[in-house]
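Numbering (my numbering), first residue to last: 326 to 600. The beta carbon of each residue, even a glycine, is placed where N, CA and C say it ideally should be. Quick caveat: nothing in here was measured; it's all calculated off a predicted structure. First the structure, in the form of structure tokens, and then the observations on it.
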Amino acid sequence: MQDFLNAAVFLLPDSDTARLDVEIALKIALNVDQGYLYAHPEQMLLSDEKNNLIELLGQRKAGKPMAYLIGYQEFWSLDFKVNEAVLIPRQETELLVELALKLFPQHDLLKVADLGTGSGAIALSLATERSAWQITATDISENALTIARLNAEQLGVSSVRFLRSNWCDQLVDGPYDLVISNPPYIAQNDTHLQMPSMRYEPRKALIAEQDGLADLAIIIQQAKGLLNSGGYLLLEHGYNQGQSVRELFVQHRYQMIETRQDLSSKDRVTFARKK
């Protein structure tokens, strides 16, 4: 095993986390934990184990995200099952959860909608922090909802309702106190889409028309009719879209419009209050 770890940078020359990637691949191929790897560095791999490892490293070298290889991704200190039907939860999206909890610090009964839930990361993270909230998580993809339901079961969360819906279309039980979403916001010609890892994630969860603003605009319009007076809409968006999203909020007469930056000091979330 040690030979593979020592050769990590050569096995995965384009990875910034080559050694970690090889460690994870070894754990999968051998079905062991981290402690076992450290305790048995000189162990020789059986033929099947070596073949499994080489296959995993080949997929990683081709750009397949490690989260898809191991089948889960950590978010809000929770493990979420993921596959290629759902977007891999990003650390910057935790800002949405953080802001929602700050806007509503009390554990009062609230109605919340998470639009485009994917793996359920946002909705389920909120549910673990605010057990009294009535949360509805929507997605247009039934495959994504299947993953989200599995995550709810795995996390022991039974308070989130999952609903197939194109944004707010099927939400007929309003009004809501909070609507939150990480919608597609990447423009079709964005060069980031050429990154090898991006080829594996669902395009519908990444790309939006109108320079990435189309779905953001739809949600801002639809949520206006769904929210309570005084309710909030929180949206994640691209680092260069803050001004455009604020203008969309202004067009629809929202109040108290603010944009917050992520840990890289880039515009990431804009939120506003309905009159």
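Would you kindly work out how many angstroms separate the C-alpha atoms of residue i and residue j, rounded to a whole number?
i      : j      : result
Leu518 : Gln416 : 19 angstroms
Arg474 : Gly445 : 8 angstroms
Asp433 : Arg585 : 25 angstroms
Ala477 : Leu426 : 19 angstroms
Lys600 : Phe574 : 12 angstroms
Lys436 : Phe400 : 23 angstroms
Thr442 : Thr461 : 9 angstroms
Ser590 : Ser340 : 24 angstroms
Glu419 : Ser506 : 12 angstroms
Glu614 : Ser466 : There is simply no residue 614 to check, as the chain begins at 326 and stops at 600 in what is shown.
Val347 : Lys375 : 12 angstroms
Leu370 : Leu345 : 18 angstroms
Asp439 : Leu382 : 35 angstroms
Could you spell out the range, first to last residue, of the beta strand (DSSP E) harbouring residue i?
i      : result
Leu531 : Unbroken run through Leu531: none, as it is neither H nor E.
Glu409 : Looking at the DSSP string, Glu409 is not in any beta strand (DSSP E), and its letter there is neither H nor E.
Thr342 : Note, Thr342: premise wrong, no beta strand (DSSP E); not H, not E.
Asp439 : Lys436 to Leu440
Arg489 : Val485 to Arg489
Closer than 7 angstroms to a non-hydrogen atom of the ligand COA - does that hold for the CB of residue i?
i      : result
Ala354 : Judged by which ligands are present, the structure shown has none, so any question about the ligand COA falls away.
Tell me whether residue i is buried or exposed, calling it buried when 16 or more other Cβ atoms sit within 10 Å of its Cβ.
i      : result
Asn565 : exposed
His365 : exposed
Ala457 : exposed
Gln294 : Because residue 294 is not part of the residues shown, which for the chain are 326 to 600, the question remains open.
Gln398 : buried
Arg524 : exposed
Asp502 : buried
Arg578 : exposed
Where do the N-terminal and C-terminal ends of the alpha helix (DSSP H) with residue i fall, by residue?
i      : result
Tyr361 : Gln359 to Ala364
Asp328 : Gln327 to Asn331
Phe429 : Per DSSP, Phe429 belongs to no alpha helix (DSSP H) and is neither H nor E.
Glu454 : Ala446 to Glu454
Asp373 : Ser372 to Lys386
Gln266 : Residue 266 falls outside the range modelled here, since the chain spans only 326 to 600, and no answer is possible.
Gln576 : Gly567 to Gln576
Arg474 : Glu467 to Leu480
ask   = Does the segment 521 to 531 touch the segment 411 to 425, meaning 3 or more C-beta pairs lie closer than 8 angstroms?
value = yes
query = Are the segment 508 to 526 and the segment 534 to 547 in contact at 8 angstroms, needing three or more beta carbon pairs?
reply = Judged by Cβ distances under 8 angstroms, the segment 508 to 526 makes contact with the segment 534 to 547, as three or more pairs qualify.
ask   = On the three-pair Cβ rule with 8 angstroms, is the segment 468 to 486 touching the segment 539 to 547?
value = no
Touch test, the segment 554 to 567 against the segment 370 to 390, Cβ-Cβ under 8 angstroms, three pairs minimum = Too few Cβ pairs lie closer than 8 angstroms, so no.
ask   = In chain order, which alpha helix (DSSP H) runs of at least 4 residues are fully inside the segment 501 to 563?
value = 534 to 537 and 539 to 549
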